[in-house]
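Novice: Pasting a structure here, questions to come.
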Amino acid sequence: MKLVKDTDQYSKKKQGVSDQKAEQAIKTIIQWLGEDTEREGLRSTPKRVIKAFKEYFRGYKEDPSNYLIKTFSEVEGYDDMVIEKNISIRSHCEHHMAPIIGVAHVAYIPSKKVVGLSKLARVVEAFSRRLQTQERLTMQIAKTIMKVLQPRGVAVTIDASHQCMTDRGIKKEKTTTITNYFLGAFKDDLSFQNRYLRYINKE
Ligand SMILES: [Zn+2]
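Okay, structure coming up:
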């Protein structure tokens, strides 16, 4: 039941690259920009960048399914959908390493077990803090909740802007991308899906 596969792969791949080596790579990029890496303002930049990268990409060290293991069964028979709206997302696209900034909405229909509300946001966070595509991020969140929590259905929507599109290339500042992924009752029963969509579109 544990989705440890990807985290295992990632940590294995990371082996062999020290912080020092990564800092050296940032230094090379700064030099490539034509800058003097020894001037005061830039001297500690490689160190700071790697420290920041550890934060941006800390999701590689997490197994998101762990957040869903602790559940509550005493919910007095509550069996309708639980929707967590506007979970902020900060991720990075795997094609340009540019920021993806937006929100996620996550819903599930419990079958006996419910999970602490902050845990859904934690799952979103753990998958966001990796190099991503929005499509995969949406699916990974939905599939993990479905697999670990085994609810009657899961719905995930992400609405985000990609800085690789807004700041470079085609430069469409206002464009956002919306992705949806439905599983179980949200996929099979349009009345659940429609209610969910109505709730998340309400201000
Ligand atoms: Zn991109």
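Each residue of the sequence shown is one higher than the last, beginning at 0 in numbering that gives the first Met the number 0. We treat Cβ as the ideally placed atom computed from N, Cα and C, and that holds for glycine.
(1) Taking C-alpha atoms, which residue in C163, E172 and V105 lies nearest to L119?
(2) Where are the beta strand (DSSP E) runs, 3 residues long or more, that stay fully inside the segment 39-115, in chain order?
(3) Taking the straight line between their C-alpha atoms, what separation do you get for K1 and V153?
(4) Cutting at 8 angstroms between CB atoms, please list the residues of its own chain near G183, excluding the five before and the five after it.
(5) What is the C-beta distance between T156 and I99, in whole angstroms, given that I count them as a contact (C-beta under 8 angstroms)?
(6) Between the segment 123-133 and the segment 78-89, do three or more beta carbon pairs fall short of 8 angstroms?
(7) Check whether the Cβ of A159 sits closer than 7 angstroms to any heavy atom of ligand 1, and report yes or no.
(8) Taking the alpha carbon of F52 as the point to measure from, which residue in H91, T178 and V114 has its own alpha carbon closest?
(9) If we count Cβ pairs, one from each stretch, closer than 8 angstroms, do we get three or more for the segment 189-198 versus the segment 128-138?
(10) Only counting the same chain, and skipping five residues up and downstream in sequence, which positions put a Cβ closer than 8 angstroms to that of L67?
(11) How about T178 and K171: do their beta carbons lie closer than 8 angstroms?
(12) Tell me where the alpha helix (DSSP H) around T137 begins and ends.
(13) Would M96 be called buried (16 or more neighbouring beta carbons within 10 Å of its own) or exposed?
(14) Which same chain residues end up closer than 6 angstroms to A21 when comparing Cβ atoms and leaving out the 5 residues on each side of it in sequence?
(15) Since D158 is in the alpha helix (DSSP H), which residue starts that stretch and which ends it?
(16) What I want to know is whether the C-beta of A97 ends up closer than 7 angstroms to one or more non-hydrogen atoms of ligand 1.
(17) Taking R128 as the reference, give the member of V81, K111 and P63 with the closest Cα.
(18) Rounded to a whole number of angstroms, what is the C-alpha to C-alpha distance between T70 and F185?
Specialist: If we stick to the structure as given:
(1) Indexing the sequence shown from 1 puts residue 119 at position 120. Nearest C-alpha to L119: V105.
(2) Whole beta strand (DSSP E) segments, 3+ residues: 81-92 and 98-108.
(3) To locate residue 1, count along the sequence shown from 1; it is residue 2. To locate residue 153, count along the sequence shown from 1; it is residue 154. Residue confidence is low: K1 scores 44 on pLDDT, short of 50, so the model does not pin down where it sits. Its coordinate-derived value is still stated next. Approximately 18 angstroms, taken between the alpha carbons.
(4) Within the sequence shown, the letter at position 184 stands for residue 183. So the list reads I108, M145, P150, R151, G152 and V153, once near-sequence residues are dropped.
(5) For the purposes of this step, residue 156 is taken as residue 157 along the sequence shown, with counting starting at 1. For the purposes of this step, residue 99 is taken as residue 100 along the sequence shown, with counting starting at 1. In fact, because the Cβ distance is near 14 angstroms, the residues do not count as touching under 8 angstroms.
(6) Taking a cut-off of 8 angstroms for Cβ pairs, the segment 123-133 and the segment 78-89 touch, as three or more such pairs fall below it.
(7) Taking the sequence shown and counting its residues from 1, one reaches residue 159 at position 160. No - ligand 1 has no heavy atom lying nearer than 7 angstroms to the Cβ of A159.
(8) What you label residue 52 is simply residue 53 of the sequence shown in a count that begins at 1. Closest by alpha carbon: H91.
(9) no
(10) Your numbering for residue 67 matches position 68 in the sequence shown. Excluding residues within five positions, the ones whose Cβ falls inside 8 angstroms are V114, K118, V122, T143, I144, V147 and L148.
(11) Taking the first residue of the sequence shown as position 1, residue 178 is located at position 179. Taking the first residue of the sequence shown as position 1, residue 171 is located at position 172. For T178 and K171, no; Cβs fall outside 8 angstroms.
(12) As a position in the sequence shown, residue 137 is number 138, starting the count at 1. Unbroken alpha helix (DSSP H) run through T137: Q133 to L148.
(13) As a position in the sequence shown, residue 96 is number 97, starting the count at 1. With fewer than 16 other Cβ atoms within 10 Å, it is exposed.
(14) By one-based count along the sequence shown, residue 21 stands at place 22. Excluding sequence neighbours, A21 sits near I49.
(15) Within the sequence shown, the letter at position 159 stands for residue 158. It is not in any alpha helix (DSSP H) - D158 instead sits in the beta strand (DSSP E) that spans G152 to H161.
(16) If you number the sequence shown from 1, residue 97 lands on position 98. Within the cutoff, so yes.
(17) Within the sequence shown, residue 128 is the residue found at index 129, counting from 1. Among V81, K111 and P63, the Cα nearest to that of R128 belongs to P63.
(18) Counting from 1 along the sequence shown, the entry for residue 70 is found at position 71. Counting from 1 along the sequence shown, the entry for residue 185 is found at position 186. Taking the straight line joining both Cα atoms gives about 21 angstroms.
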